[in-house]
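Here's the structure, in structure tokens; my notes come after.
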Amino acid sequence: EFTPEKRLEDISESYFDWIFKANTLTPILWLKMLAPHLSKIRHPCVVTSLSARVASINETELGGWYCYRASKAALN
Numbered sequence: 001e002f003t004p005e006k007r008l009e010d011i012s013e014s015y016f017d018w019i020f021k022a023n024t025l026t027p028i029l030w031l032k033m034l035a036p037h038l039s040k041i042r043h044p045c046v047v048t049s050l051s052a053r054v055a056s057i058n059e060t061e062l063g064g065w066y067c068y069r070a071s072k073a074a075l076n
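Quick note on our numbering: the sequence shown kicks off at 1 and runs consecutively.
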């Protein structure tokens, strides 16, 4: 089971890979599957992908969660 790291020493490559794929690759693949259907819609539509407040470079007071923060910042 993966848990957010609290110290740099706690970062694991497997957790980084898992969280990065979940938070960056998944939305991209979802959009890839959705795109052909969007071209058939007559009305404009907006596709969004949610990031997180902790992805902001200004929100570092709490520390930790390095892999999660990096993966969410990638969406920005």
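C-beta: ideal position from N, C-alpha, C; glycine also. Keep in mind the model is a prediction, meaning the values are calculated, not measured.
query	result
Residue environment, S56, which counts as buried when at least 16 other CB atoms sit within 10 Å	exposed
P4 versus R42: straight-line alpha-carbon distance, rounded	43 Å
Candidates I28, Y66, P36, of which the one nearest L77 by Cα	Lying before the first or after the last residue shown, residue 77 is absent from the chain, which here runs from 1 to 76.
Under 8 Å between C-beta atoms of L34 and V47	yes
As assigned by DSSP and simplified to three states, the class of F2	coil
Residue range of the unbroken alpha helix (DSSP H) whose run includes I41	It is not in any alpha helix (DSSP H) - I41 carries neither H nor E in the DSSP assignment.
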